[in-house]
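Colleague:
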Amino acid sequence: MLSGLLIILVPLIVGYLIPLRQTSLLKLINRLLSWIVYVILFLMGVSLAFLDNLASNLLDIFHYSAVSVIVILLCNAAALLWLERSLPWRHNHRQEKLPSRLAMALESLKLCFVVVAGFLLGLTGWAFLRHATEASEYTLIFLLLLVGVQLRNSGMTLKQIVLNRRGMIIAVVIVLSSLVAGIINAFILDLPMKTGLAMASGFGWYSLSGILMTESYGPVIGSATFFNDLIRELLAIVLIPGLMAKSRSTALGLCGATSMDFTLPVLQRSGGVEIVPAAIVHGFILSLLTPLLMALFAS
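According to my numbering, the sequence shown is numbered sequentially starting from 5.
(1) Using the Cα positions of R94 and L193, report the straight-line distance between them to the nearest angstrom.
(2) Could you tell me the alpha carbon to alpha carbon distance between E141 and G206, rounded to whole angstroms?
(3) Could you check whether A240 and G214 sit closer than 9 Å to each other, using their CB atoms as the reference points?
(4) Restricting to Cα atoms, I'd like to know which of V151, L45, L256 and T27 is closest to V177.
(5) Please list the terminal residues of the continuous alpha helix (DSSP H) segment that includes D194.
(6) On a Cα-Cα basis, can you pick out the residue from N34, G276, L24 and P223 that is closest to I244?
(7) Helix, strand or coil, according to DSSP, for G208 in the structure here?
(8) Return yes when the C-beta of L63 is under 8 Å from any heavy atom of the ligand FMN, and no when it is not.
(9) From R169 to S274, what distance separates their C-alpha atoms?
(10) Look up P15 in the DSSP assignment and say whether it is helix, strand or coil.
(11) Please report how far the alpha carbon of A75 lies from the alpha carbon of K250, in whole angstroms.
(12) Which residues in the same chain as F230 place their Cβ atom closer than 6 Å to its Cβ, once the five residues preceding and following it in sequence are excluded?
(13) Can you name, in chain order, every residue of its own chain whose Cβ lies under 7 Å from the Cβ of S263, other than the five neighbours on each side?
(14) Can you name, in chain order, every residue of its own chain whose Cβ lies under 8 Å from the Cβ of I17, other than the five neighbours on each side?
(15) Pop quiz: M217 and A204 are said to be a contact at Cβ under 8 Å. What is the actual Cβ separation, rounded to whole angstroms?
(16) Does the Cβ-Cβ distance between S182 and I65 come in under 9 Å?
(17) I think P15 touches L234, with their Cβ atoms under 8 Å apart; what is that distance to the nearest whole Å?
(18) Rounded to the nearest angstrom, what separates P92 and G171 at their Cα positions?
(19) Specify the secondary structure class of P223 as computed by DSSP and reduced to three states.
(20) In terms of residues, what are the limits of the alpha helix (DSSP H) holding S28?
(21) What is the C-beta distance between L47 and L150, in whole angstroms, given that I count them as a contact (C-beta under 8 Å)?
(22) Figure out for me which residue from L45, I173 and R156 has the closest Cα to the Cα of S90.
(23) Which residue from A82, R252 and S51 puts its Cα closest to that of R132?
(24) Relative to the C-alpha of A302, which residue among A121, T27, V71 and K198 is closest?
(25) Using DSSP with H/G/I as helix, E/B as strand and the rest coil, what is P4?
(26) With a CB to CB cut of under 6 Å and the five nearest residues on each side skipped, what residues in its chain are close to L188?
(27) Would you kindly report the start and end of the unbroken alpha helix (DSSP H) that includes P295?
(28) Ordered along the chain, which non-local residues of its own chain (more than five positions away) have a Cβ less than 7 Å from that of L29?
(29) If we count the other Cβ atoms within 10 Å of its Cβ and call it buried at 16 or more, is A83 buried or exposed?
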């Protein structure tokens, strides 16, 4: 348990302590993160193929992810709609022309195809593929180191985070409502409480949450968490424009940790420039909490 906690926290903290000012190095880190995510998800698919009772495990993955995404989104939406009624978000923005949501959805699905490709290769049963789990653990350590560097050099200061009240409030509402959903999921799915809470702590960051959960709980729970968070992002892309006119807090909150990167263009086009600071702060806080909460619940 302790070793799993250290694997997550140590590289993340070490990376966060590294200041970088060279733009070229930061761009290289962003590119490396993209490629490493593909590598680890491919290895996750390979590990999945070596599970005993494969057919029943695939049904478990589908069951866990379907229940989780429904319960988490319902809890998030209910809490965010309550927030919007209690503390309305005043604005005068008109929506601009949006980028292709189909293209953005296909970009997310590429990660899903990588997992499937790894799974199909794993079905060959080649002996060297049995080391996929160990390989993904070492790659994960490197990924977390780079994530720490990226968070440190994202341009966000403590002062900016504290000053953006709306972004912080929405992030707190998402965290609390997601943890409530995690407890509900644990009862519905007959899982340990910590497992349900850990699965609910991904906040849509599927490229990291699935990997961390695979390391802590194995490929079944890891894959279920990955698909849960992936579906969350795809639904956010589709729902943002419609929700923005009725509840800006809900539109932003459902994006989870991706509001500071992948879904930010859709948020900006739908909600205007004034939503960007809140979106970045919201995404930054959830991105920071995802590995920390998962480490806490997996320990």
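All residues carry an ideal CB built from backbone N, CA and C; glycine is no exception.
Because the structure is a prediction, the values reported are computed rather than measured.
Modeller: Concretely, from the data shown:
(1) Stepping through the sequence shown from its first residue, residue 94 is reached at position 90. Stepping through the sequence shown from its first residue, residue 193 is reached at position 189. Their backbone Cα atoms lie some 40 Å apart in a straight line.
(2) Within the sequence shown, the letter at position 137 stands for residue 141. Within the sequence shown, the letter at position 202 stands for residue 206. Counting only the Cα atoms, G206 lies some 18 Å from E141.
(3) Looking up residue 214 in the sequence shown gives position 210. Looking up residue 240 in the sequence shown gives position 236. No, the Cβ-Cβ distance between G214 and A240 is not below 9 Å.
(4) Along the sequence shown, read from residue 1 onward, the residue named residue 177 stands at position 173. Among V151, L45, L256 and T27, the Cα nearest to that of V177 is on L256.
(5) If you number the sequence shown from 1, residue 194 lands on position 190. Unbroken run through D194: none, as it is neither H nor E.
(6) Numbered from its first residue, the sequence shown carries residue 244 at position 240. With distances taken between Cα atoms, I244 lies closest to G276.
(7) On the sequence shown, position 204 is the one that residue 208 refers to. Here DSSP, grouped into helix, strand and coil, assigns G208 to coil.
(8) No copy of the ligand FMN occurs in the structure displayed, which carries no ligand at all.
(9) Numbered from its first residue, the sequence shown carries residue 169 at position 165. Numbered from its first residue, the sequence shown carries residue 274 at position 270. Roughly 20 Å between the two C-alpha positions.
(10) Walking along the sequence shown from the start, residue 15 turns up at place 11. In the three-state reduction of the DSSP assignment, P15 falls in the helix class, which pools H, G and I.
(11) To locate residue 75, count along the sequence shown from 1; it is residue 71. To locate residue 250, count along the sequence shown from 1; it is residue 246. Correcting the residue identity first, residue 75 is Val in this sequence and not Ala. Approximately 22 Å between the Cα atoms of the pair.
(12) Stepping through the sequence shown from its first residue, residue 230 is reached at position 226. Same-chain partners within the cutoff: Y210 and G214.
(13) Position 259 of the sequence shown, counted from the start, is the residue given in the question as residue 263. Sequence-distant partners of S263 (beyond 5 residues in either direction) whose C-beta falls short of 7 Å from its own C-beta, in its chain, are L256, L271, A283, H286 and G287.
(14) As a working mapping, residue 17 is identified with position 13 in the sequence shown. Closer than 8 Å at the Cβ level, and outside the excluded window around I17, lie G152.
(15) By 1-based counting over the sequence shown, the position of residue 217 is 213. By 1-based counting over the sequence shown, the position of residue 204 is 200. About 11 Å separates the beta carbons of M217 and A204, which is beyond the 8 Å limit, so they are not a contact pair.
(16) For this step, residue 182 is matched to residue 178 along the sequence shown. For this step, residue 65 is matched to residue 61 along the sequence shown. No, the Cβ-Cβ distance between S182 and I65 is not below 9 Å.
(17) Stepping through the sequence shown from its first residue, residue 15 is reached at position 11. Stepping through the sequence shown from its first residue, residue 234 is reached at position 230. That pair is no contact at about 24 Å.
(18) Within the sequence shown, numbered from 1, the residue matching residue 92 stands at position 88. Within the sequence shown, numbered from 1, the residue matching residue 171 stands at position 167. Answer to the nearest angstrom: the Cα atoms are 13 Å apart.
(19) In the sequence shown, the residue the question calls residue 223 occupies position 219. Helix, per DSSP.
(20) Position 24 of the sequence shown, counting from 1, holds the residue named residue 28. From DSSP, the alpha helix (DSSP H) with S28 extends over T27 to A53.
(21) In the sequence shown, the residue the question calls residue 47 occupies position 43. In the sequence shown, the residue the question calls residue 150 occupies position 146. In fact, because the Cβ distance is near 17 Å, the residues do not count as touching under 8 Å.
(22) Walking along the sequence shown from the start, residue 90 turns up at place 86. The shortest Cα separation from S90 among L45, I173 and R156 belongs to I173.
(23) Numbered from 1 along the sequence shown, position 128 holds the residue referred to as residue 132. The displayed chain sequence assigns Phe, not Arg, to residue 132. It is S51.
(24) What you label residue 302 is simply residue 298 of the sequence shown in a count that begins at 1. In terms of Cα proximity to A302, the closest of A121, T27, V71 and K198 is K198.
(25) The structure shown does not extend to residue 4, since the chain is modelled only from 5 to 303, so the question has no answer here.
(26) Counted from its first residue, the sequence shown places residue 188 at position 184. Checking the sequence shown, residue 188 turns out to be Ile, not Leu. Hits under 6 Å: V75.
(27) Against the sequence shown, residue 295 aligns to sequence position 291. Residues V280 to A302.
(28) Within the sequence shown, numbered from 1, the residue matching residue 29 stands at position 25. Correct list: empty, nothing qualifies.
(29) Within the sequence shown, the letter at position 79 stands for residue 83. Counting of Cβ neighbours within 10 angstroms places A83 among the buried residues, the total reaching 16 or more.
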